[in-house]
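Beneath this line is the structure, given in structure tokens, with notes to follow.
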Amino acid sequence: MTLLTIRSADFPAHERIAAFQDVVSHITKLEVAPEEPERFCSQTSIGILPGVVTGWGGHSASTATRTVALAADMDDNVMFHIPLVGGYSMQQRGGERVECTPGTIYLDPCEVPGIVQFHGAWSEGFYVSVPRPFLVSAGAGLGTSLRRLVPMTAQWRLLLAYARGLHDELTCLAPQEAVRCAAHVQDLVLMALDGARAAEVTAIGRGVRVARLKAIKADIECDLTSDTLSTGALARRHGVSDRYIRALFASEGTSFSDYVRLRRLLLAHRMLSDPARASQKIGDIALQAGFGDLSWFNTAFRQHFGATPSEVRAEALAAR
């Protein structure tokens, strides 16, 4: 998979604007005009996967124009602009001028000419682009949303979180893993576009389930050692049912309790291998890792690692 990076600072100062403009017009099909050339700064990274393009961009005050000629050279994609920091205005042919700010999403039919004006000292946005034929064939509810703002809903937040994580880790993924992740993004786009499809996409769907489970696992890590960690608490925080959470873990061939116990055992193993904790009692480490019963901790630890906590500590100290 490909990750492209364009930074204005990478070009020699004496030709920075012209060289940057030349590269940007070729890759992103935009003509960029900074408000203050001597202070102009722009950074963009673009992730290219099968059926999905992800992007992050940060820019000082400037205007980006997609001319009729440049628009004609665009792919037939729909791009979802998600402002993160600051704001910018957009106006495309056939649509009104809108102010894009965090908490909104703009649906951009890429083949339509238009203008983007980045305001203030610095603006950032994240972008997801999907081929329009895919959206149409899947029955996505684009409706009258093109060239308009839509509010940031839970479904859009789910898409943003997953797509940003994919973008950040793209260079670390094997090609087949990236292809699967692109399919997840497509599913999340469909769900965000049409809330009525949420149940269907969840039942079919890879993307919603994967993103939900990822968010729940991240929540577990934050609350791993707490005695209040439960499916009920997680269900309330994520707006789902206990049964749904149990089903998510069952789809991975495990259970919620087994997953939590494994994460706590791995935490205890790291703590026991830490020379800075060599004088700490094993019972205290078990409690800090979330185990309230020392006997149960010792049994579970030996079953999983094939050694007692004392043996793991001694081996780690000897190795150092």
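Residue numbers (my numbering): 630 to 949. Ideal Cβ positions, reconstructed from N, Cα and C, are used throughout, including at glycine. Keep in mind the model is a prediction, meaning the values are calculated, not measured.
Under DSSP, the alpha helix (DSSP H) around residue i begins and ends at which residues?
i: A811; result: P804 to L822
i: Q650; result: R645 to I656
i: S886; result: F885 to L901
i: L946; result: P938 to A948
Could you check how far apart the C-beta atoms of residue i and residue j are, in whole angstroms? I think they sit under 8 Å.
i: V941; j: S902; result: 7 Å
i: E664; j: A642; result: With 8 Å as the limit, E664 and A642 do not qualify as a contact, their Cβ atoms being about 18 Å apart.
i: A693; j: V727; result: That belief does not hold up - the Cβ atoms of A693 and V727 are roughly 15 Å apart, past 8 Å.
i: V682; j: S758; result: 4 Å
i: R695; j: G743; result: 5 Å
i: D737; j: Q720; result: Rounded, the Cβ-Cβ distance is 11 Å, inconsistent with contact.
i: F709; j: I734; result: 6 Å
i: L842; j: L891; result: With 8 Å as the limit, L842 and L891 do not qualify as a contact, their Cβ atoms being about 15 Å apart.
i: L789; j: L632; result: Actually they do not touch by this definition, with Cβ atoms about 18 Å apart.
i: F930; j: L894; result: 6 Å
i: L659; j: V653; result: 6 Å
Spatial neighbours of residue i within its chain, please: C-beta separation below 6 Å, excluding the five flanking residues on both sides.
i: E829; result: Reliability of the predicted coordinates at E829 is poor, the pLDDT of 43 falling under 50, and the value obtained from them is presented with this limitation in mind. Counting only Cβ-Cβ distances below 6 Å, and skipping sequence neighbours, we find nothing.
i: A905; result: none
i: L795; result: C810
i: I911; result: P938
i: S674; result: T634 and W685
i: P712; result: C729, T730, P731 and G754
i: W785; result: I734 and A821
i: G749; result: G715
Here's a check: name, in chain order, each residue in its chain whose Cβ is nearer than 8 Å to the Cβ of residue i, leaving out the five neighbours to either side.
i: R875; result: T860, S884 and F885
i: S855; result: G919
i: R866; result: D848
i: L950; result: Residue 950 is absent from the model: the chain starts at 630 and stops at 949.
i: Y756; result: V682, T683, G684, W685, G686, M708, F709, H710 and I711
i: G680; result: V759, P760, F763, A811, A812 and Q815
i: D871; result: T860, G861 and A864
i: L787; result: L817, M820, A821, V837, A840, R841 and A844
i: G868; result: A783
i: I656; result: L633, I635 and I675
Which of the three DSSP states, helix, strand or coil, is assigned to residue i?
i: T583; result: Nothing in the structure corresponds to residue 583, since the chain is present only between 630 and 949.
i: G912; result: helix
i: R906; result: helix
i: G794; result: helix
i: P760; result: strand
i: L775; result: coil
i: H933; result: helix
Can you find the residues in the same chain that come closer than 7 Å, C-beta to C-beta, to residue i, ignoring five residues on each side of it along the sequence?
i: R761; result: D705, N706 and V707
i: F640; result: A648 and F649
i: A915; result: A897, L923 and F926
i: H688; result: S671, F747 and S752
i: E740; result: A700, M703 and D705
i: L946; result: P904 and A907
i: F934; result: H898 and V941
i: R668; result: S689
i: S637; result: R645, F649, F669, C670 and S671
From which residue to which residue does the beta strand (DSSP E) around residue i run?
i: G686; result: V681 to H688
i: T782; result: Counting along the chain, T782 falls outside any beta strand (DSSP E), and DSSP gives it neither H nor E.
i: L632; result: T631 to R636
i: P671; result: Looking at the sequence itself, residue 671 is Ser, so the reference to Pro does not match. S671 to L678 is the extent of the beta strand (DSSP E) around S671.
i: A642; result: Careful: A642 lies outside any beta strand (DSSP E) and carries neither H nor E.
i: A662; result: E660 to P663
Confirm the yes/no value for this check: CB of residue i, any heavy atom of the ligand GDP, distance under 7 Å.
i: L858; result: As for the ligand GDP, it is missing from this structure, which has no ligand bound.
- Item | Whole runs of the alpha helix (DSSP H) within the region 694-755, excluding any shorter than 4 residues | 697-701
- Give, in chain order, every unbroken run of the alpha helix (DSSP H) that is at least 4 residues long and sits entirely within the region 826-880. 827-833, 835-851, 860-867 and 871-879
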